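Below is one structure, written out as structure tokens; the observations come after it.
Protein chains in written order, with this note's numbering: chain A, 15 to 174; chain B, 15 to 174.
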């Protein structure tokens, strides 16, 4: 599997990954009704570097890397990762996160922060913990899950 | 003192409050070199409701209220407050925060979150604690203070 910067011609493949995750509304605090144009403008925004994970010309995952805050907070980065439905269970999120940690380190970031990990998203939490992230904050009832109601969100952090 | 929605003609007064705080770079994770136009576009952005605290036609403080996250996170709001140099020590931040809590409650928000309270900004931390906020997260070394180096930032949260 190759992880490389996203190109304009990856947009349709990225949308095919993002759309079902957005529409489900279970893991990201994003508007579930976002249009394709708005979602791609967000995921490929000028504030971000966006990557794709590709196997045999098939885009199986995508992630972005950006400064988490401007000014005095810009030495800490933030990432978001999405894996395609057909790519699940193959360690793609883990490989994208490891790649992002390397990229972040190479760019001089001192830490990586996830601002809003849905507290009932156990697979993600376990994955980030296994990659060295710590839970540094808990936001009570901060996420309204479509079937489980108000659940906590976690802030996770890893020094680079 | 009157707290009311900001009007277009308040822009110059708002900039006179924001500029020294931005340039000092001690309390907000914002680009210290931001232009007036960019700073006003941020503080008065379409995602925010912006208010001013006025006494005898003198704008002594300003704050914004916005959803902290879209989608499943939009029931939690976020605010930012700034007090003019000449308004310091008069309880203006406290009155703006109390006003914002009322406004947030009236709009149906369930909680208010501050994402990035600089950990050495003791006056602000004490004020938010006295207004019912709790420290729910600590981000190690997440803020580069212009004179004190890397310091922690706090996540503070209050149910409404």
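Heads up, the beta-carbon is just placed ideally off N, CA and C, and yes, glycines get one too. Here the structure is a predicted model, which means the values were calculated and not measured.
field: Span of the alpha helix (DSSP H), counted from its first residue to its last, around residue 84/B
entry: No residue range can be given for residue 84/B, since it is assigned to no alpha helix (DSSP H) and is classified by DSSP as neither H nor E.
message: Quick test of your reading: residue 65/A and residue 19/A, contact by CB under 8 Å. State the CB separation rounded to the nearest angstrom.
response: Indeed they touch by this definition, with Cβ atoms about 6 Å apart.
- request: Put residue 19/B into one of helix, strand or coil per three-state DSSP.
  value: In the three-state DSSP reduction, residue 19/B falls in the strand class (E or B).
query: Name the residues in the region 150–164 of chain A whose C-beta lies less than 8 Å from a C-beta of chain B; which are they?
result: Hits within the stretch, in order: 150, 151, 152, 153, 154, 155, 156, 157, 158, 159, 160, 164.
task: For the region 107–153 of chain B, list the alpha helix (DSSP H) runs that are entirely contained and at least 4 residues long, ordered along the chain.
output: Counting only runs of 4 or more, we get 136–144.
field: Min CB distance residue 55/B to chain A below 8 Å
entry: The beta carbon of residue 55/B does not come within 8 Å of any beta carbon belonging to chain A, so the residue lies off that interface.
- prompt: From residue 117/A to residue 146/B, what does the alpha carbon distance come to, in whole angstroms?
  reply: Across the structure, residue 117/A and residue 146/B are spaced so that their CA atoms are roughly 40 Å apart.
message: Let me check understanding here. Comparing Cα to Cα, which of 135/B, 104/B, 77/B lies closest to residue 159/B?
response: Comparing Cα-Cα distances from residue 159/B to each of 135/B, 104/B, 77/B, the minimum goes to 135/B.
query: What are the boundary residues of the beta strand (DSSP E) that includes residue 63/B?
result: Counting along the chain, the beta strand (DSSP E) containing residue 63/B begins and ends at 63–69.
field: Residue of 21/B, 129/B, 168/B, 137/B minimising C-alpha distance to residue 97/B
entry: For the residues 21/B, 129/B, 168/B, 137/B, the minimum Cα distance to residue 97/B belongs to 137/B.
task: Report the three-state DSSP secondary structure of residue 54/B (helix, strand or coil).
output: Residue 54/B: helix per DSSP, three-state reduction.
message: Taking 8 Å as the cut-off, does the region 85–103 of chain A touch the region 42–57 of chain B (at least 3 CB pairs, one atom from each stretch)?
response: Yes, they touch.
- prompt: What's the gap between the Cα of residue 171/A and the Cα of residue 105/B?
  reply: So the two alpha carbons sit approximately 35 Å from each other.
- prompt: Alpha carbon to alpha carbon, what distance is there between residue 156/B and residue 143/A?
  reply: Going by the C-alpha atoms only, they are around 19 Å apart.
message: List, in chain order, every chain B residue whose beta-carbon is nearer than 7 Å to that of residue 89/A.
response: Neighbours of residue 89/A on chain B, chain order: 158.
- prompt: Start and end of the alpha helix (DSSP H) containing residue 100/B?
  reply: Careful: residue 100/B lies outside any alpha helix (DSSP H) and carries neither H nor E.
field: Whole-angstrom distance between residue 162/A and residue 39/A, CA atom to CA atom
entry: Each residue's Cα considered, the two are about 11 Å apart.
Buried/exposed call for residue 140/A, threshold 16 Cβ in 10 Å: The C-beta of residue 140/A has fewer than 16 other C-beta atoms within 10 Å across all chains shown, which makes the residue exposed.
- prompt: Any Cβ of chain A within less than 8 Å of the Cβ of residue 32/B?
  reply: Output row for residue 32/B: interface = no.
query: Which bits of chain D does residue 46/A rub up against, with CB to CB less than 9 Å?
result: Any reference to chain D falls outside this structure, whose protein chains are A and B.
Proximity test, Cβ basis, 8 Å: residue 123/B and chain A: So, not an interface residue.
task: Would you identify the three-state DSSP class for residue 166/A, choosing helix, strand or coil?
output: Collapsing the DSSP output to three states places residue 166/A in a strand.
- prompt: With 8 Å set as the bound, which would you pick, yes or no: does the beta-carbon of residue 199/B sit closer than that to a beta-carbon of chain A?
  reply: Examination of residue 199/B is not possible in this model, given that chain B is present from 15 through 174 alone.
message: Please report the distance separating the alpha-carbon of residue 21/B from that of residue 95/B.
response: Roughly 17 Å separates the two Cα atoms.
- request: Name the two residues that bound the continuous alpha helix (DSSP H) containing residue 160/A.
  value: It is not in any alpha helix (DSSP H) - residue 160/A carries neither H nor E in the DSSP assignment.
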